[in-house]
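Single-structure report; data block below.
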Ligand SMILES: Nc1ncnc2c1ncn2[C@@H]1O[C@H](COP(=O)(O)OP(=O)(O)OP(=O)(O)O)[C@@H](O)[C@H]1O
Ligand SMILES: Nc1ncnc2c1ncn2[C@@H]1O[C@H](COP(=O)(O)OP(=O)(O)OP(=O)(O)O)[C@@H](O)[C@H]1O
Ligand SMILES: [Mg+2]
Ligand SMILES: [Mg+2]
């Protein structure tokens, strides 16, 4: 069976499982012939899934929620990937930012269109700060590292999937990083998830089930064999170096396998946490909290196999 | 020499131009005919509307009032049996002399045949531009550019030839030669010619009839048949009658000043 | 009328143009002088290099060989005591007649004063363009455009006036009037004039001296002093001596054909 | 098509017919500035609405204009104005800066072929460099105020201006240049009084191209670094799957471009009417 | 600056001095096509290298060219060629498509003012719409081959072509149009044999602008949707923090633009020499 897998961003370590699935034969074992469709952001991925360009793929649950609430797109989340928000503050060691509350009064840089921005007010609120307590500037993601290293900003907002990359950059600049995940400050969220088009789920439920099965195996494999997984990605994408992939793969896996996973299991959507996620999303985007029943965007039946 | 249907007929033509600062009456009440195969010269002060008359005949502009007919048909757009020598040379700056001369063929039919080229070469020689066929207009003197324009108008061997001061940039000798060349062509391949000039002698020497226009708004104040024998040549210039015609016309043109 | 240092001096001038298809020798071995406040007319066949001669004098081009001096100084670039009437009208298409005439002031000094405007209006009247001051060049006839060019050259009241067939597009009467107007200006505000024309009569009527050029490569074949009394006017035309000069020059120019 | 007709006084036309007059009134109405562009814009909206309905295009791909209306309500008018102002400010500053740089540069380039051959490659390099790729350098070098955005806008708009103006400056007929030289005028007056007027059609063709590029430049710059502006708003809405809001932003953006373009056209029509050919029906 | 000198045979110059000749040889060498642009490019690299060293710019902001060299090794030559080919293919297809569309469109616009007033707004709307904002629509509508990228390239390049060519077509001197009309030639020959040749300088000014825009268009398209191409490579490398690779891609991209620009210039020089003014030193 043919399956078109939708990426939500450029290939990289955090996307390793699907490459593992193809390269190591987990997909083939389930009788699946998977092709990868490139993507540029969750919204675009969801659009492509909704229009049948692709069948299943990864996307941020926040984008899916607002897409469901606003447009009722025929796309459903079938499995959670990151069960924690990947958002974090990065600062330099010795900059005086030693705990997350120290961002108060600092200059903070973020990229203009990251999902993080909508949660920022909530994180600050959780720490009983107002938005006016920091000086926020928005700049191209590529500029954040250089800004931090050159002292153009005290703090940046970036994802935990990029820890190794920022660390490498810091090393080059002879600096060291401190990282404050927002989840530690109480921001509990689901994030990247496996989402599928309703058409795919309805017309080929069996294929969907088998795919998710293979995908889970691939995640586990990547978690246990990061080097081989990284090699699988680098083999498919020659522009990537194994080290680079391995670094970001390890970073990403922290968001997949952690205490939440231990509690709820891999890929689970725990109703309370899901509800909390929607509350956060709706509040952050100024959406009517009653506009969506968070349960309606997930279908746990497909991932229930294991 | 005129036949039942005249080649050109103007019936109470008036022409008013709208300008940046009002309107300008260029022609008023022009009535005239030019017979088939007649050679008519037009004299008149600068700015009296000679070029306008010619442009009306060619169909490039339409009269504000009155009608222009060519071969009995009202003129509403340019015709392709008319060849024009414009007052300015109006050459294509990117084309060689030869290409400029054969341009009517290329422009009307899309192609230039070997015989067109041959005709072009003959014309280059006739207007005295041997050796300049491959030159660009910018590399020619003013008079040479003008001769290219004349050759181009002759190229299609049109039924009607409209010439706006075609020899104005030529020296006396070349001018005379070109005039006689024109007469030879006209006699060999009869055509109707309307010939604007400022040279009274030239008008008398070449034309069957000379029209004299008044100051603006231009109208026709004299219509003089020139009864000099044909073919005309250098000796015509010594003809007593010719001198009388010239003298009369000169007097007429000078009179207006008084 | 010439003084120790001539206004213009050509010493063994040669001019070769590089063209698309080789080279072309336009002038060969030109030696001549024009005295201060002298009025020199230049006659010659079309394409013989008259305009080239004028452009050399003005400094717009430099000779391939030999030297051109103006008031004793070698010419290496245009001078600002020279006024030029180009063979083509060369007007600014976006400027009115008036603005075109006062353009030298605007272009040299950056501003046009009230007296410049006044001078402009006087010149407009002198060239017979009253009422056309606000018109654009495209709205004028060929002869009217040429007269704007003349007025512009006169505007700065230059020491040297170079005129390239300035009256070619004018009718006989206007031509004569403009010629006498030019003489009046020249007599009132003496200047050196180099005047290219194809009209032998005009050359004799206006000039102190007539230079006749040969066919290309152009050189000077006659240098004829015209000893007619000044001031000259309409009656000069009836002068016997004038007719002799004209006859002699006509013969000379026709001879070359034989 | 009859190009000379325009200069004739049609008021003296021989047979003034009723229907003619009515048609002329129509024609005059149509020619009034802004009427046709506005009509076209409305037409685009109508076609858009119709296709959405006829082809039942899902609104998350292309929402119909009537649905987009909802998007306008997402933020209040004051906030809209802030966004518009942010974009407009950057676009205009960048545009004028770009003109201020391009004109002297074009003049330089038009005066020396060697210089032009040496400098053109630099301009091509600048033009060809995708802004996004060098965003870090720009931001680190210029900080995060309006400056980097203005610079980005400038980088995007200046090339057409330089190329077109240089071409225009050099296209002046040689006889007019001779006229200038014969008057021994200073070079700058040859440029301002002859070459530049002659280059006006080229210049305006470039100004028209660049005005829309200026808006694009400001939008791209907002993609790179901004907290405000229409580009930011569109991208932000898109990234949050607020499709209607994104399209609302897009409509405002496009309207802004249209208006600015019309202004440039009107300036040419008003101050440089001679630079417009009169030979069209 | 002496504009007429060019047409004089300097070989017959009276005083041919030694130093003159040497300078002339130099001048000729400099004028050889490609020499100056190449020199400029090398100069840019040198200045870049020097500033990196002098100002000790950290390489994660702006790596020196010598460091960028390392970036070239990240993928092998075959892969480089694939990227270059992907971008070149899209850019060229889009460019030619854009020319194929713009020329007839310009001709139409130049023939009717009403039409042009009605259509221009549509063009401005198309031009002003940020590609990024409508990328999903384009991709969903056109699938995922080269097509969406070619269309995006087209959308980005066509506007300067249309504006500039239309201006050129309408700038033809009226007397040449009269000549054509007096010959009663079909309109298409008036266009091909008079208006278009006359518009050649305008056309090439637009072709030069658009060739670099075509590359930019292809790159932007690759930012939006691609798995190959220089734009993709640069974006990819940037997002993976592979700064040297990104700059290596950038250099290749810029070189590509330079070469294409030079080709357009050379085509004009070779086939339309008369459209180039000769009045520069
Ligand atoms: N397109 C135009 N717009 C406005 N006025 C015009 C136009 N063409 C000609 N005129 C005016 O019409 C009058 C006659 O012009 P026309 O060119 O016919 O004169 P002409 O007899 O040919 O003169 P010349 O001998 O000087 O060439 C002039 O006063 C001129 O100003
Ligand atoms: N820029 C140029 N390039 C090449 N050849 C030229 C150039 N200018 C003039 N010539 C040639 O030089 C010769 C003399 O030209 P010039 O314009 O001086 O003639 P002229 O005596 O003024 O003729 P006319 O009376 O026809 O105006 C001509 O054969 C012409 O072809
Ligand atoms: Mg006339
Ligand atoms: Mg001449």
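Protein chains in written order, with this note's numbering: chain L, 77 to 382; chain U, 141 to 398; chain S, 141 to 398; chain X, 380 to 660; chain Y, 380 to 660. Every residue, glycine too, gets a C-beta built ideally from N, C-alpha and C.
{"Query": "Mind checking whether residue 82 (chain L) and residue 133 (chain L) have CB atoms under 7 Å apart?", "Result": "yes"}
{"Query": "According to the neighbour-count rule (16 or more other Cβ atoms, all chains shown, within 10 Å of its Cβ), is residue 642 (chain Y) buried or exposed?", "Result": "exposed"}
{"Query": "Which complete alpha helix (DSSP H) runs does the stretch 133–165 of chain L hold, if anything under 4 residues is left out?", "Result": "137–147"}
{"Query": "Tell me whether the beta-carbon of residue 148 (chain S) lies closer than 7 Å to the beta-carbon of residue 203 (chain S).", "Result": "no"}
{"Query": "Using a Cβ-Cβ cutoff of less than 8 Å, which residues in the same chain neighbour residue 442 (chain Y) once the five nearest sequence positions on both sides are dropped?", "Result": "431, 450, 622, 623, 626"}
{"Query": "Do residue 527 (chain Y) and residue 593 (chain Y) count as a contact pair if the criterion is CB distance below 7 Å?", "Result": "no"}
{"Query": "State yes or no: is the C-beta of residue 279 (chain S) nearer than 6 Å to some heavy atom of ligand 1?", "Result": "yes"}
{"Query": "Is the shortest distance between the beta-carbon of residue 458 (chain X) and the beta-carbons of chain S less than 7 Å?", "Result": "no"}
{"Query": "Checking contacts by CB at 7 Å: is residue 509 (chain Y) closer than that to chain U?", "Result": "no"}
{"Query": "To which residues of the same chain is residue 644 (chain Y) closer than 6 Å at the C-beta, ignoring the five residues directly before and after it?", "Result": "none"}
{"Query": "In terms of alpha-carbon separation, which member of S:289, S:278, S:307 lies closest to residue 335 (chain S)?", "Result": "S:307"}
{"Query": "Which residue marks the beginning of the beta strand (DSSP E) containing residue 290 (chain L), and which one marks its end?", "Result": "Careful: residue 290 (chain L) lies outside any beta strand (DSSP E), inside the alpha helix (DSSP H) at 281–300."}
{"Query": "For the stretch 336–364 of chain U, enumerate the residues whose C-beta is nearer than 7 Å to any C-beta of chain Y, in chain order.", "Result": "none"}
{"Query": "I'd like to confirm the pairing. Which residues does DSSP put opposite residue 190 (chain S) in its beta bridges?", "Result": "For residue 190 (chain S), which the question treats as bridged, DSSP gives no partner whatsoever."}
{"Query": "How many Å lie between residue 511 (chain Y) and residue 614 (chain X) at the Cα?", "Result": "8 Å"}
{"Query": "Assuming the contact rule is C-beta atoms closer than 8 Å, residue 580 (chain Y) and residue 654 (chain Y) should be a hit. Round their C-beta distance to whole Å, please.", "Result": "5 Å"}
{"Query": "For residue 551 (chain Y), does the count of other Cβ atoms within 10 angstroms reach 16, so buried, or fall short, so exposed?", "Result": "buried"}
{"Query": "In whole angstroms, what separates the C-alpha of residue 130 (chain U) from that of residue 264 (chain U)?", "Result": "Not covered by the structure: residue 130 (chain U). The range shown for chain U is 141 to 398."}
{"Query": "Any residues in the stretch 564–580 of chain X with a beta carbon nearer than 7 Å to a beta carbon of chain S? Which ones, in chain order?", "Result": "564, 568, 572, 576"}
{"Query": "Could you work out which residues of chain X lie near residue 503 (chain Y), taking near to mean beta carbons separated by less than 7 Å?", "Result": "591, 636, 637, 640"}
{"Query": "Mark residue 479 (chain Y) as exposed unless 16 or more other C-beta atoms lie within 10 angstroms of its C-beta, in which case mark it buried.", "Result": "exposed"}
{"Query": "Using 7 Å as the threshold, is the C-beta distance between residue 198 (chain L) and residue 618 (chain Y) below it?", "Result": "no"}
{"Query": "Here's the rule I'm using: 16 or more other beta-carbon atoms within 10 Å means buried, otherwise exposed. How should residue 143 (chain U) be labelled?", "Result": "Residue confidence is low: residue 143 (chain U) scores 49 on pLDDT, short of 50, so the model does not pin down where it sits. Its coordinate-derived value is still stated next. Flag for residue 143 (chain U) reads exposed."}
{"Query": "Please compile the residues from chain X whose C-beta is within a distance smaller than 7 Å of the C-beta of residue 198 (chain S).", "Result": "561"}
{"Query": "How far does the alpha helix (DSSP H) with residue 321 (chain U) in it reach, from first residue to last?", "Result": "312–328"}
{"Query": "Under 6 Å: does the beta carbon of residue 186 (chain U) sit that close to some heavy atom of ligand 1?", "Result": "yes"}
{"Query": "Under a three-way DSSP split, which group does residue 164 (chain U) fall into?", "Result": "strand"}
{"Query": "Would residue 534 (chain X) count as contacting chain S if we go by Cβ distances under 7 Å?", "Result": "no"}
{"Query": "Would residue 646 (chain X) be called buried (16 or more neighbouring beta carbons within 10 Å of its own) or exposed?", "Result": "exposed"}
{"Query": "Would you report the Cα separation of residue 303 (chain U) and residue 221 (chain U), rounded to the nearest angstrom?", "Result": "14 Å"}
{"Query": "Along the stretch 226–241 of chain S, what residues have a CB closer than 8 Å to any CB found in chain X?", "Result": "226, 228, 230, 232, 233, 234"}
{"Query": "In the DSSP assignment, find the unbroken beta strand (DSSP E) run with residue 257 (chain L) in it and report its ends.", "Result": "253–257"}
{"Query": "Kindly indicate the opening and closing residues of the alpha helix (DSSP H) around residue 362 (chain U).", "Result": "Run containing residue 362 (chain U): none in the alpha helix (DSSP H); it sits in the beta strand (DSSP E), 360–365."}
{"Query": "In this structure, does DSSP put residue 214 (chain L) in helix, strand or coil?", "Result": "strand"}
{"Query": "Cβ closer than 9 Å: which chain X residues qualify as neighbours of residue 384 (chain S)?", "Result": "The contacting residues do not exist; residue 384 (chain S) stays about 37 Å from chain X at best."}
{"Query": "Under 7 Å, do residue 120 (chain S) and residue 350 (chain S) count as touching if we go by C-beta distance?", "Result": "Outside the modelled stretch of chain S, which goes from 141 to 398, sits residue 120 (chain S), for which no answer is possible."}
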